[in-house]
Each structure stands twice: as C-alpha cells, then as structure tokens.
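Numbering (our numbering), first residue to last: 10 to 384. Step one of this worksheet: look at the structure below.
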Ligand SMILES: Cc1ncc(COP(=O)(O)O)c(C=O)c1O
C-alpha cells in the first residue's frame with residue numbers, strides 16, 4: 010500500500026534538527042500592514058534597508074538587462090568578484106559571493122563544522138541566522154551573554170572556544186544593538202583563538218560607522234589567516250530584495266566555498282546590479298550622509314521623549330521606551346499608524362525595540378507618532 014501523502018512528514022520522518030527548528034522571524038512587510046489596518050501609506054523602518062531605495066544607476070542597469078533574465082549567469086560570477094576585490098583592495102582569490110550573506114554564513118558552517126563533533130561560538134543576543142543555521146547543521150552553539158550595556162566581552166568569548174570550535178561569529182557593528190567593538194579587540198580575539206578555529210567577522214553594517222578605516226580589519230585580511238569577513242549589498246548598496254552578499258575569506262577556504270556553492274545562487278540581474286551599485290559613488294555617499302544624519306536625529310528625538318537609546322554605528326537604533334513594559338504597546342500603536350519597526354522579542358529582548366534609520370520625513374513622522382503615543 011502507498012503511504013499517505015503526509016506520512017513522510019511525520020516527526021520521525023525528518024531529521025531531529027528540522028523537527029525542532031524555529032524559523033527566522035523577518036520584519037513585517039508593508040503589504041501585510043496595509044491590508045491589516047486598511048492603510049494607504051506605510052513606512053517601513055524594520056529591516057535596516059536603504060532609506061533612499063534603489064540607486065538610479067542600478068535601476069537603469071536592471072532595465073537594460075531585463076531581457077537577459079532567461080540566461081544563466083556566468084559560473085562563479087567572475088566580473089563581480091574582480092570588481093569587489095578592486096573595491097576593497099584585496100586579492101580576488103579571497104572573494105566569494107552569495108545569495109545574501111545569509112548563504113555565505115550557512116555554507117561556512119557546512120564547510121567547516123562536523124555535525125555532532127564541532128561547536129560554534131557567538132554572543133547572546135546575536136544575528137539569529139548564526140545559531141539557527143548552526144543548529145540545522147547539528148552543531149552545538151555556545152553563547153556568551155553581551156554585557157548589560159550590550160558591549161561585547163571579546164576576551165571572554167575566547168574562553169568558550171576549544172579545539173572543537175569550528176567557527177566564532179562576531180558582528181561589527183552589532184545587530185540588534187548597533188555597538189561597534191574597537192578593531193584592536195577584534196584583532197586580539199583573532200590572534201588568540203585556538204588553531205583550527207575560523208573567526209567570522211560579520212561587517213554587514215560596517216559602511217555606516219563614523220571611521221571605517223579605523224574600525225574595519227578587512228583591508229588587513231592577508232595578515233589574518235584564520236579570519237573571514239562578510240559584507241552585503243542589502244544595506245548601503247540598497248539591494249536587499251535581489252539577495253547579494255560577499256565574503257573575503259582565507260584563499261583555501263574560498264576555494265572550498267566555490268567548490269560547494271550551488272552554481273547559480275547569485276542571479277544574472279543581481280550580478281549586474283551589484284556591479285552598478287559599486288560604481289554609483291554618488292548614491293553611496295548620499296546614503297551614508299542620510300543614515301549618519303538620521304541616526305543623530307532619531308537618537309536626539311527619542312532621548313527627548315525619555316527613551317533610552319543605545320549608541321549605534323549602524324543604520325538602526327535599539328531603544329527602550331521610558332518604561333520597558335511599553336515596548337509591545339508602542340510597537341503595536343506605531344503599526345496602527347502605519348509605521349513598522351522591529352520588536353526584539355525574537356532576540357529575547359521584549360522590553361526593547363529597533364528602528365531603522367529612514368529619510369528625514371520618515372524619521373520625523375516616526376518621532377511625531379512616538380510623541381503622541383507616549384504622551
Ligand atoms: C548582522 C547581519 N549579517 C548578515 C545579514 C544578512 O544579510 P543579507 O541580506 O546579505 O543576507 C544581516 C541582515 O539583516 C545582518 O543583520
């Protein structure tokens with residue numbers, strides 16, 4: 010007799026890691042909220058996207074290449090790899106690209122960590138894809154709490170690592186706090202890890218820091234044989250929806266990455282868009298200016314309303330309303346007014362909220378709504 014269609018999805022028919030898996034919680038979408046509250050206009054400040062949208066040069070490129078969508082991209086996306094190597098002043102044999110940096114995180118785990126044998130070390134809270142994908146791999150996750158002020162005890166992180174630690178994940182600037190550790194502390198961690206342990210420095214928000222040259226170690230990748238750097242086109246380059254991330258890895262690891270990566274995970278339009286985004290220096294400069302100014306505007310505005318705002322070097326701010334208990338109701342009341350921000354319940358921080366920096370007008374509308382709700 011044939012099994013019933015669902016019998017293959019009974020709990021004992023899937024891997025134990027899959028059975029207990031909890032999905033990543035994304036920010037709410039604009040359409041969802043428009044429909045739920047019957048709103049014509051919704052402002053999304055929930056997913057740290059680019060407040061200026063898609064660069065004009067990229068839009069033009071997408072129009073021009075729309076007719077090529079029927080083609081497979083060139084295997085390995087070599088033009089994009091070369092352009093990224095030039096952009097960062099690193100050698101091309103270190104550069105890998107992926108379907109968002111999410112894909113690179115997932116593949117680094119699968120390349121390095123042996124299920125049931127290795128462990129992964131990171132902070133708590135941290136960007137949730139690290140522990141989620143590690144668990145899916147059947148790899149133990151060891152987490153060190155951040156300090157109360159959300160700074161990172163990087164020296165103590167070393168004490169969690171042993172000869173079975175395949176990867177250590179550090180995010181700088183951090184998500185969801187926006188905290189940015191000094192480059193020296195990250196360097197010290199890299200140099201102190203056990204042999205055989207890869208340090209993954211996730212720099213998704215690095216372009217937004219006040220002084221990138223002093224804060225990022227990426228340019229020194231060649232000096233750090235045990236360190237991988239991750240970057241993304243989703244934030245300052247404004248390509249979140251096209252899914253494009255990249256990494257600067259030790260060359261041998263990059264070679265394994267290229268071997269195991271699904272052949273066409275960076276699609277032909279994402280590749281062309283990425284190449285154009287790298288060239289649009291005007292859009293990039295405008296983005297950085299708007300984000301840095303908006304960060305100041307939101308910090309001052311929220312503090313004036315009695316909120317606790319954590320110092321951020323990213324394109325978002327983590328904050329607590331005057332009473333932590335108000336966080337869920339402030340989030341809901343903002344939604345009803347058509348402003349989506351990010352509750353941090355899924356990071357086990359129910360008393361905190363995260364707001365992405367928007368345009369001048371979006372920031373002002375957000376602050377005005379907060380003022381009315383908190384009054
Ligand atoms: C710290 C961090 N790393 C990586 C990512 C993933 O970025 P991508 O869109 O390139 O997958 C994010 C996305 O929000 C992030 O916050």
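Think of the CB as a built atom: it goes at the ideal place given N, C-alpha and C, for glycine as much as any other residue. Only a predicted model underlies this, so the values are computations on that prediction, with no experimental measurement involved.
Query raised in the report: From residue 287 to residue 96, what distance separates their C-alpha atoms?
Result: 8 angstroms
**Report entry** Whole-angstrom C-beta distance between residue 130 and residue 170, which should lie under 8 angstroms
**Finding:** 5 angstroms
**Report entry** Closer than 6 angstroms: residues whose CB approaches a heavy atom of ligand 1
**Finding:** 57, 109, 110, 111, 136, 180, 184, 211, 213, 241, 243, 249, 254
Query raised in the report: Taking C-beta to C-beta, are residue 256 and residue 110 nearer than 9 angstroms?
Result: yes
Report task. Write down every uninterrupted run of the beta strand (DSSP E) in the region 227–269 whose length is 3 residues or greater and which is fully enclosed by it, in chain order. Result -> Those beta strand (DSSP E) runs which fall completely within the region 227–269 and span 3+ residues are 236–241, 254–257.
Requested in this report: Check whether the Cβ atoms of residue 281 and residue 68 lie closer than 9 angstroms to each other.
Outcome: no
Report task. With DSSP as the reference, please indicate the residues paired to residue 325 in a beta bridge. Result -> 365
**Report entry** Boundaries (first-last residue) of the beta strand (DSSP E) holding residue 129
**Finding:** 128–133
Requested in this report: Report yes if the C-beta distance between residue 202 and residue 174 is below 9 angstroms; otherwise report no.
Outcome: yes
Query raised in the report: Which residue or residues does DSSP assign as beta-bridge partners of residue 154?
Result: Bridge partners of residue 154 according to DSSP: 133.
**Report entry** Beta bridge counterpart(s) of residue 107 as assigned by DSSP
**Finding:** 254
Query raised in the report: Using 8 angstroms as the Cβ pair cut-off and three pairs as the minimum, do the region 263–275 and the region 112–129 touch?
Result: They touch, by the three-pair rule.
Query raised in the report: Buried or exposed: residue 45, going by 16 or more other Cβ atoms within 10 Å of its Cβ?
Result: exposed
Query raised in the report: Going straight from the alpha carbon of residue 259 to that of residue 94, what length do you get?
Result: Cα to Cα, the separation comes out at about 13 angstroms.
**Report entry** Bounding residues of the alpha helix (DSSP H) (the contiguous stretch that carries residue 175)
**Finding:** Element bounds for residue 175: not the alpha helix (DSSP H) but the beta strand (DSSP E), 174–180.
Query - Buried/exposed call for residue 381, threshold 16 Cβ in 10 Å - result: exposed
Query - DSSP beta-bridge partners of residue 208 - result: For residue 208, which the question treats as bridged, DSSP gives the partners 177, 236.
Requested in this report: Please work out which residues of its chain come closer than 8 angstroms, Cβ to Cβ, to residue 159, disregarding the five sequence neighbours upstream and downstream, and give them in chain order.
Outcome: 183, 186, 188, 319, 327
Query raised in the report: Could you give the distance in angstroms between the alpha-carbon of residue 194 and the alpha-carbon of residue 163?
Result: 7 angstroms
Query raised in the report: Looking only at C-alpha atoms, which of 220, 168, 40 sits nearest to residue 206?
Result: 168
Query raised in the report: Can you name the start and end residues of the alpha helix (DSSP H) that residue 217 belongs to?
Result: No alpha helix (DSSP H) contains residue 217, which DSSP labels as neither H nor E.
Query raised in the report: Are there 16 or more other CB atoms within 10 angstroms of the CB of residue 62, so buried, or fewer, so exposed?
Result: exposed
**Report entry** Beta-bridge partners of residue 382, as assigned by DSSP
**Finding:** Beta-bridge pairing links residue 382 to no other residue.
**Report entry** Rounded separation between residue 335 and residue 316 - CA only
**Finding:** 11 angstroms
**Report entry** Sequence-distant residues of its chain with Cβ nearer than 8 angstroms to residue 237 (five each side left out)
**Finding:** Cβ within range, chain order: 117, 207, 208, 209, 210, 256, 257, 258, 259, 262.
Report task. Specify the secondary structure class of residue 302 as computed by DSSP and reduced to three states. Result -> helix
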